[in-house]
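Visitor: Starting off with a structure, shown below.
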Amino acid sequence: MARLFDVFAHRWTVMGLWFVASVFGIMMAIAVGILLPAISSELDLTPRQQGFFGSSAFVGNLFLALPLSWWMSRYRPKMLTTVTLALGAIFLFVQGWAASFAILLIGRLGYGIVTLAREPARALLMPQWFAPREFMAVNSVYNALFGIVVGGGLFATPFILARAGENWRTVLYVFFTLLTILTVL
Numbered sequence: 504m505a506r507l508f509d510v511f512a513h514r515w516t517v518m519g520l521w522f523v524a525s526v527f528g529i530m531m532a533i534a535v536g537i538l539l540p541a542i543s544s545e546l547d548l549t550p551r552q553q554g555f556f557g558s559s560a561f562v563g564n565l566f567l568a569l570p571l572s573w574w575m576s577r578y579r580p581k582m583l584t585t586v587t588l589a590l591g592a593i594f595l596f597v598q599g600w601a602a603s604f605a606i607l608l609i610g611r612l613g614y615g616i617v618t619l620a621r622e623p624a625r626a627l628l629m630p631q632w633f634a635p636r637e638f639m640a641v642n643s644v645y646n647a648l649f650g651i652v653v654g655g656g657l658f659a660t661p662f663i664l665a666r667a668g669e670n671w672r673t674v675l676y677v678f679f680t681l682l683t684i685l686t687v688l
């Protein structure tokens with residue numbers, strides 16, 4: 504009986520950590536909207552540049568969703584998740600370090616692409632750890648965590664920004680640190 508519980512707990516731990524890492528990555532992509540006024544002020548971004556920057560993390564979905572998912576599905580979920588989380592952390596650091604719009608945009612585009620590249624791991628992990636009849640429960644947990652993490656993250660971002668002395672770079676470095684911790688886990 505203890506062995507059965509261990510397997511049950513382990514599979515939910517694996518999926519739960521993956522869900523948190525995935526949703527946290529999405530939250531960071533969305534939270535930039537809260538930082539945009541400070542970024543725009545410091546880097547003197549035009550409204551057009553603000554639009555490009557804000558949407559650039561999601562441009563990969565438009566052009567790369569199918570080919571990237573097909574390509575990334577060839578890799579083992581653990582390796583895919585680890586590499587994309589590490590690259591995501593690096594791209595967050597690049598955004599925080601950016602001294603120009605071009606570098607900021609490259610960091611944002613890269614972040615969006617690696618966040619998208621991580622998604623096939625979920626499709627590979629679910630049948631590895633769960634029976635098909637449990638997929639609805641797994642997806643429900645993912646949706647609940649999405650609401651909690653993204654909503655909570657968006658709620659917390661202004662407080663983090665205020666605590667960081669209104670320094671958007673510090674907030675991105677905090678996100679970088681959190682994503683690095685999730686990568687290690």
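Residues in the sequence shown are numbered consecutively from 504, following this note's numbering.
By construction, the Cβ of each residue, glycine as well, lies at the ideal position given by its N, Cα and C atoms.
#1: Can you list, in chain order, the residues of its chain whose CB lies under 7 Å from that of A534, leaving out five sequence neighbours each side?
#2: For E669, which of helix, strand or coil comes out of DSSP?
#3: For V690, count neighbouring C-beta atoms within 10 Å of its own C-beta (all shown protein chains included) and say buried if the count is 16 or more, exposed if not.
#4: For G528, which residues of its own chain have a beta-carbon under 6 Å away from its beta-carbon, when the five flanking residues on both sides are left out?
#5: Among the candidates G615, R625, G554, whose CA atom is the shortest distance from the CA of R577?
#6: Give a yes or no on whether the C-beta atoms belonging to Y614 and M531 are separated by under 9 Å.
#7: Return the chain-ordered ranges of every alpha helix (DSSP H) run that is complete within the region 615–642 and spans a minimum of 4 residues.
#8: Looking only at its own chain, which residues have a Cβ that is under 7 Å from the Cβ of F678, when we skip the five neighbours before and after it?
#9: F556 to P540, Cα distance in whole Å?
#10: Is the beta carbon of V652 less than 9 Å from the beta carbon of V517?
#11: How far does the alpha helix (DSSP H) with R551 in it extend, from its first residue to its last?
#12: With DSSP collapsed to three states, give me the class of S543.
#13: Specify, as a first and last residue, the run of the alpha helix (DSSP H) that L688 falls within.
#14: In the DSSP assignment, find the unbroken alpha helix (DSSP H) run with A592 in it and report its ends.
Guide: Well, looking at it:
#1: Position 31 of the sequence shown, counting from 1, holds the residue named residue 534. The answer, listed in chain order, is G656, L657, T660.
#2: Taking the first residue of the sequence shown as 1, we reach residue 669 at position 166. Here E669 sits in coil by DSSP.
#3: With the chain represented from 504 up to 688, any question about residue 690 goes unanswered, as that position is not in the structure.
#4: As a position in the sequence shown, residue 528 is number 25, starting the count at 1. For G528, where only same-chain residues beyond five positions count, the Cβ hits under 6 Å are G591, T618.
#5: In the sequence shown, residue 577 corresponds to position 74, counting from 1. Of the candidates G615, R625, G554, the one whose C-alpha sits nearest the C-alpha of R577 is R625.
#6: As a first step, residue 614 is located in the sequence shown; it is residue number 111 there, counting from the start. As a first step, residue 531 is located in the sequence shown; it is residue number 28 there, counting from the start. Going by C-beta atoms, Y614 is nearer than 9 Å to M531.
#7: 623–632
#8: Along the sequence shown, read from residue 1 onward, the residue named residue 678 stands at position 175. If we look at F678 and ignore the five residues flanking it on each side, its Cβ neighbours are M531, L595.
#9: The residue labelled residue 556 in the question sits at position 53 within the sequence shown. The residue labelled residue 540 in the question sits at position 37 within the sequence shown. If I take the Cα positions, the gap works out to 12 Å.
#10: Here residue 652 refers to the residue found at position 149 of the sequence shown. Here residue 517 refers to the residue found at position 14 of the sequence shown. Contact flag unset, no.
#11: Numbered from its first residue, the sequence shown carries residue 551 at position 48. Its alpha helix (DSSP H) spans residues 550–575.
#12: Taking the first residue of the sequence shown as position 1, residue 543 is located at position 40. The answer is helix: DSSP assigns S543 an H, G or I state.
#13: Residue numbering aside, residue 688 sits at position 185 when the sequence shown is read from its first letter. Neither: L688 is in no alpha helix (DSSP H) and is coded neither H nor E.
#14: Numbered from its first residue, the sequence shown carries residue 592 at position 89. It spans 580–600 - the alpha helix (DSSP H) in which A592 sits, taken as one unbroken run.
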